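Note that numbering that gives the first Met the number 0 has the sequence shown beginning at 0, numbered continuously upward.
A quick write-up on the structure given underneath.
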Amino acid sequence: MSALFAYPKRAKFDRMVSKTKLFSYEKATPRIRDLFSDQVEQVRWIYKLAPETINLMASKNVPEIQIFNLRLKGEELDDDVLRHIDKAIAFPIIFELAYGDNRKAVASPKWQGGKPGKHYYASNWVAEQSERQVLPVATNLEGLYSQLLQSLMPYKGRDYEGLFELNARIEEIRSLEKRCESLRSKIGKEKQFNRRVEFNRELKKTSEHLSELIHG
0 MSALFAYPKR AKFDRMVSKT KLFSYEKATP RIRDLFSDQV EQVRWIYKLA PETINLMASK
60 NVPEIQIFNL RLKGEELDDD VLRHIDKAIA FPIIFELAYG DNRKAVASPK WQGGKPGKHY
120 YASNWVAEQS ERQVLPVATN LEGLYSQLLQ SLMPYKGRDY EGLFELNARI EEIRSLEKRC
180 ESLRSKIGKE KQFNRRVEFN RELKKTSEHL SELIHG
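Shown next, in the form of structure tokens:
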């Protein structure tokens, strides 16, 4: 199933956003300017999900949801490009990346006026003409935003978890996965028996914690 959604026609905004304007909203380093120049062909603000366009109540955290389209020059896009736009635009954003005839959705959790999270979550590339999903049922824009983000996340939220609790758990999972990989490498290289025992003990403990975070 595609992670791209069918947004209502009345929410269509479709305005080009100049790179110059983005750089004026949020100061761009030479590296960011180079990334935009090398990787991004065009930025368009394609949908505005707001009470008057989607008939859902706003909240302080999510007064509107913006859908941006980035047409790329290649398949790769550095997360710092998305992070720059996220910092320049106060509203929560869902990005749709377009390259050739393919598209994918990308986003990082962000409340109104806040900073994006440490990681960006992305769907797989799908054909541009692929059927889009119906928007999730929600009682307000904050609930809708949470569901749109969770559709991109690799793990489902638990009953007690909100969007940012789930994001924090995923970040911890990624950190522990890196630690396990590092410990396995150390065990393979270590020649001292006592040190290998220490590393194995830590690996077992870390793996158990990781399993608990993933499986509950």
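We put the beta carbon where it would ideally sit given N, CA and C, even for glycine.
Computed from a prediction, not measured in an experiment: that's the story for all the values here.
- Remark: fewer than three beta-carbon pairs, one from each stretch, lie closer than 8 Å, so the region 50 to 61 and the region 72 to 82 are not flagged as touching.
- Look at ALA126 here: in three-state DSSP terms it is strand.
- When C-beta atoms of the region 114 to 121 are compared with those of the region 30 to 45, fewer than three pairs fall below 8 Å, so the two segments do not count as touching.
- Secondary-structure assignment with DSSP links TYR120 through a beta bridge to ALA106.
- With fewer than 16 other CB atoms across the displayed protein chains lying within 10 angstroms of its CB, TYR159 is exposed.
- When the beta-carbon positions are compared, ILE31 and GLN65 stay at least 8 Å from each other.
- In the DSSP assignment, the residues bridged to ASN101 are TYR98 and ALA126.
- Residue pairing by DSSP places PHE163 in no beta bridge whatsoever.
- DSSP places LYS86 within a helical segment (H, G or I) once states are collapsed to three.
- By a beta-carbon distance limit of 8 Å, GLU201 does not contact LEU175. Their separation comes to about 11 Å.
- Taking a contact to require three or more Cβ pairs closer than 8 Å, the region 66 to 77 and the region 95 to 113 qualify as touching.
- Residue pairing by DSSP places TYR46 opposite LYS11 and ILE66 in a beta bridge.
- Closest by C-alpha distance to PRO91, out of ARG131, ASP100, GLY112 and ALA104, is GLY112.
- Residue environment: GLY116 is assigned as buried (16 or more neighbouring CB atoms within 10 Å of its CB, all protein chains considered).
- With contacts defined as CB atoms closer than 8 Å, ALA104 and ALA2 qualify as a contacting pair.
- Contact between LEU71 and GLU40 is confirmed by a C-beta separation of about 6 Å, below the 8 Å threshold.
- Counting C-beta atoms within 10 angstroms of its own C-beta, SER17 has fewer than 16 neighbours from the protein chains shown and is therefore classed as exposed.
- Residue pairing of ASN139 in beta bridges, as defined by DSSP: MET56.
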